[in-house]
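> My questions will all concern the structure given below.
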Amino acid sequence: MSKLVTLTKERDDLSLQVALIKTLTDFINFNHNESKRIVVIYHVSDLKKQSITALTDDSNTSSVDMPADFKQAILNCLQTGTPHTYKIDAQRAIKLHPITGTMGHVDSVIAIDADHTNEHLYNSVCMILDIYQNFILLNNENECDTLTGLLNRKTFDFKINKILAQMHSGTNRKEDKANQKYFLAIFDIDHFKKINDQFGHLIGDEVLLMFSQLMRQSFREADPLFRFGGEEFVGFFECSSTVDIQNIFERFKQKVANFEFPQVGKVSVSAGFTEISTFDTSSQIIDRADTALYYAKNHGRNRVDSYELLIANGSLQDNKKEGEIELF
1 MSKLVTLTKE
11 RDDLSLQVAL
21 IKTLTDFINF
31 NHNESKRIVV
41 IYHVSDLKKQ
51 SITALTDDSN
61 TSSVDMPADF
71 KQAILNCLQT
81 GTPHTYKIDA
91 QRAIKLHPIT
101 GTMGHVDSVI
111 AIDADHTNEH
121 LYNSVCMILD
131 IYQNFILLNN
141 ENECDTLTGL
151 LNRKTFDFKI
161 NKILAQMHSG
171 TNRKEDKANQ
181 KYFLAIFDID
191 HFKKINDQFG
201 HLIGDEVLLM
211 FSQLMRQSFR
221 EADPLFRFGG
231 EEFVGFFECS
241 STVDIQNIFE
251 RFKQKVANFE
261 FPQVGKVSVS
271 AGFTEISTFD
281 TSSQIIDRAD
291 TALYYAKNHG
301 RNRVDSYELL
311 IANGSLQDNK
321 KEGEIELF
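Using the UniProt record's numbering, the letters of the sequence shown correspond one by one to residues 1 to 328.
The following block contains the structure:
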C-alpha cells in the first residue's frame, strides 16, 4: 500500500513510470525465493524504424537488443492497445501490457516477468495497473490541454522548477549526461490570426492539433511539450550544444513548412530558445526565449533564433542585471 501512495505522489511521465516499475517489482518478488523477477517498460522511440528503448527501476533508459519475436510482441501490444503474452518456454511467460502516458495516448509497453500461473498474483498486478492508468487519466484531465493533449500552462511551473532543482542538486548528472544542457524553446505559428479570420476557428483548431502532432513526431518522448494558449507552444529539451539544438529546431521548422495543412495549405513557425542555467529563475528563462522569438517574428518569420547567439553576434544587447526585479 505504501508503494501505491508513493506512486500517486509523482507527476511527470518518467517518475511515474519508474515508480510503477518499483511498485510492481517489489510486489511480484515479495516472498519470492528464486532469482529476482524483473519489470521493464519499453518505449518505441521510432515506430517506422522499430527503435525500442528500455526503462528500468534505476531510471536508466537504454537501447536494447532483443529476439525478433519479442520485439514483434511489444509492437503488437503497442499498436493494438491490448495485453499480449510472450512465452519464454513451457513453464515461463512474460505478460505485456500497453501503458497510457501523460499525453493521453498509448506510448509504451510494460513487460512483467512473474508467476502468472498464480491467479491471485496476476489479478493483483492487473489491479495495480488499473490504479496507475486511472491516476494517469486524472492527471491528463488536470494537466493536459484539452485540444492538443500537450501539457498545459499551469503544469509548466512544476516542470521548470523540477528541472532547475535537478540542475542545482546535480542529481541528473550521471556520466552519460555529463555534457548535456537544458534548453527552453517557444514556438509560435506565423500569421495564425489570418488563418482564423480566413478559414474560421474550427479550421484554426485543426491546424493547432496537427501542429502539436508534428511536435510529438519531431521530438523525443522525454521532451516535455506544452501549449501555452492560442498558437504558442513551449518545450524543454536536452542537448549537448546550442548549435546541435538549433539544427534540431531548424529541421522541425522545415517539417512544418513542408506539411500540407488541409484547406489551409502551407503554414510556417517561428521559434526562440535559450539555454537554461543553474541559477536562473523561470521568469528569466521565459523572458530570454520570448525575446529571441520576438526577434524572429520581426526579422522575416519562419526562422529559429537563439538568445545566446543573438547576444554573441551583436543582434541583441543583454539587458540582464544582477538583482534587478522586472515587474513588466
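For each residue, glycine too, the CB sits at the ideal point set by N, CA and C.
For the beta strand (DSSP E) containing Q94, name the first residue and the last one.
Here residue 94 corresponds to residue number 94 of the sequence shown, with the count starting at 1. A small correction: the amino acid at residue 94 is Ile; Gln does not occupy that position in the sequence shown. Where I94 is concerned, the enclosing beta strand (DSSP E) stretches over A93 to T100.
> When we look at the beta-carbon of N134 and count the other beta-carbons within 10 Å, is it buried (16 or more) or exposed?
Position 134 of the sequence shown, counted from the first residue, corresponds to residue 134. So N134 counts as exposed.
> Count the other CB atoms within 10 Å of the CB of residue 329; is the residue buried (16 or more) or exposed (fewer)?
No statement about residue 329 is possible, as the shown extent of the chain runs from 1 to 328 and does not include it.
> Per the contact definition of three or more C-beta pairs closer than 8 Å, is the segment 209-221 in contact with the segment 247-259?
yes
> Whose C-alpha, out of F252, E221 and L147, is nearest the C-alpha of G204?
Sequence index remark: in the sequence shown, residue 204 carries index 204 (1-based). Cα-wise, what sits closest to G204 is L147.
> Taking all protein chains shown into account, do 16 or more other C-beta atoms lie within 10 angstroms of the C-beta of D244, making it buried, or fewer, making it exposed?
Residue numbering aside, residue 244 sits at position 244 when the sequence shown is read from its first letter. Exposed, because fewer than 16 other Cβ atoms sit within 10 Å of the Cβ of D244.
> Buried or exposed, going by whether 16 or more other CB atoms sit within 10 Å of the CB of T275?
The residue given as residue 275 occupies position 275 in the sequence shown. Sequence check: residue 275 is Glu here, not Thr. Buried is the call here.
> Hey, which unbroken runs of the beta strand (DSSP E) at 3 residues or more fall wholly within the segment 229-293?
232-239 and 269-275
> Answer with buried or exposed for I88, where buried requires no fewer than 16 other C-beta atoms within 10 angstroms of its C-beta.
Within the sequence shown, numbered from 1, the residue matching residue 88 stands at position 88. So I88 ends up on the exposed side.
> Am I right that S108 and Y42 are in contact with their C-beta atoms under 8 Å? What's the rounded C-beta distance?
Walking along the sequence shown from the start, residue 108 turns up at place 108. Walking along the sequence shown from the start, residue 42 turns up at place 42. The Cβ separation is near 6 Å, so the contact holds.
> From what residue to what residue does the beta strand (DSSP E) around T61 run?
Counting from one through the sequence shown, the residue named residue 61 turns up at place 61. Residues T61 to S63.
> Which two residues bound the contiguous alpha helix (DSSP H) that contains I203?
For the purposes of this step, residue 203 is taken as residue 203 along the sequence shown, with counting starting at 1. Residues H201 to S218.
> How would you write the range of the alpha helix (DSSP H) that L150 sits in, first residue to last?
Position 150 of the sequence shown, counted from the start, is the residue given in the question as residue 150. Unbroken run through L150: none, as it is neither H nor E.
> Tell me the rounded alpha-carbon separation between N140 and G149.
Along the sequence shown, one-based indexing puts residue 140 at 140. Along the sequence shown, one-based indexing puts residue 149 at 149. Answer to the nearest angstrom: the Cα atoms are 8 Å apart.
> Could you tell me which residues DSSP pairs with D113 in its beta bridges?
Taking the first residue of the sequence shown as position 1, residue 113 is located at position 113. Answer is I94, bridged to D113.
> For F226, does the three-state DSSP call read helix, strand or coil?
Your numbering for residue 226 matches position 226 in the sequence shown. Residue state for F226 is assigned as strand, using DSSP reduced to three classes.
> Can you tell which of F226, G81, S63 and F187 has the C-alpha that lies nearest to the C-alpha of A151?
Residue mapping note: residue 151 aligns to position 151 of the sequence shown, counting from 1. Inspection of the sequence shows that residue 151 is occupied by Leu rather than by Ala. Of F226, G81, S63 and F187, the residue nearest in Cα terms is F226.
> Any contact between the segment 118-125 and the segment 11-22? By contact I mean 3 or more CB pairs, one from each, below 8 Å.
no
> For D190 versus S270, is the C-beta spacing smaller than 8 Å?
As a working note, residue 190 is residue 190 in the sequence shown. As a working note, residue 270 is residue 270 in the sequence shown. Yes, the pair counts as a contact, with Cβ atoms nearer than the cut-off.
> Let me know the secondary structure DSSP gives D188 once reduced to three states.
Taking the sequence shown and counting its residues from 1, one reaches residue 188 at position 188. D188: strand per DSSP, three-state reduction.
> Please name the residue or residues paired with S306 in a DSSP beta bridge.
Along the sequence shown, one-based indexing puts residue 306 at 306. F273.
> Just to confirm my understanding: we take K297, look at its own chain, exclude 5 residues before and 5 after, and list those with CB closer than 6 Å. What are they?
Residue numbering aside, residue 297 sits at position 297 when the sequence shown is read from its first letter. Here the set comprises S270.
> Where does Q133 fall in DSSP's three states?
On the sequence shown, residue 133 is found 133 positions in, with the first residue counted as 1. DSSP places Q133 in helix when its eight states are reduced to three.
> Would you decide whether L95 is buried or exposed? Buried here means 16 or more other CB atoms lie within 10 Å of its CB.
Along the sequence shown, one-based indexing puts residue 95 at 95. Sequence check: residue 95 is Lys here, not Leu. When all chains shown are included, K95 counts as buried.
> How about Q246 and V207: are their beta carbons less than 8 Å apart?
Numbered from 1 along the sequence shown, position 246 holds the residue referred to as residue 246. Numbered from 1 along the sequence shown, position 207 holds the residue referred to as residue 207. Cβ distance not < 8 Å, so Q246 and V207 don't count as in contact.
> Could you say which of F30, D290, T23 and R220 lies nearest to I131 if we only look at CA atoms?
Sequence index remark: in the sequence shown, residue 131 carries index 131 (1-based). The shortest Cα separation from I131 among F30, D290, T23 and R220 belongs to T23.
> Have a look at Q317 and R153 and give me their C-alpha separation to the nearest angstrom.
On the sequence shown, residue 317 is found 317 positions in, with the first residue counted as 1. On the sequence shown, residue 153 is found 153 positions in, with the first residue counted as 1. Q317 and R153: Cα-Cα distance of roughly 29 Å.
> Measuring straight from C-alpha to C-alpha, what distance separates L310 and N142?
Taking the first residue of the sequence shown as position 1, residue 310 is located at position 310. Taking the first residue of the sequence shown as position 1, residue 142 is located at position 142. In a straight line, the C-alpha of L310 is about 37 Å away from that of N142.
> Distance, Cα to Cα, S63 vs T25?
For the purposes of this step, residue 63 is taken as the residue at position 63 of the sequence shown. For the purposes of this step, residue 25 is taken as the residue at position 25 of the sequence shown. The C-alpha of T25 is placed about 21 Å away from the C-alpha of S63.
> Counting along the chain, where does the alpha helix (DSSP H) carrying I28 start and finish?
As a working note, residue 28 is residue 28 in the sequence shown. Residues D13 to I28.
> Grab the span of the beta strand (DSSP E) containing I88 for me, first residue to last.
For this step, residue 88 is matched to residue 88 along the sequence shown. Note, I88: premise wrong, no beta strand (DSSP E); not H, not E.
> Does the separation of the CB atoms of F233 and D223 fall below 8 Å?
Taking the sequence shown and counting its residues from 1, one reaches residue 233 at position 233. Taking the sequence shown and counting its residues from 1, one reaches residue 223 at position 223. Not in contact: F233 and D223 (Cβ atoms no closer than 8 Å).
> Just curious, the beta strand (DSSP E) that T53 is in, first and last residue?
Here residue 53 refers to the residue found at position 53 of the sequence shown. Residues S51 to L55.
> Can you tell which of Q166, F156, F261 and G272 has its C-alpha closest to the C-alpha of D188?
In the sequence shown, residue 188 corresponds to position 188, counting from 1. If we check each option's Cα against that of D188, G272 comes out closest.
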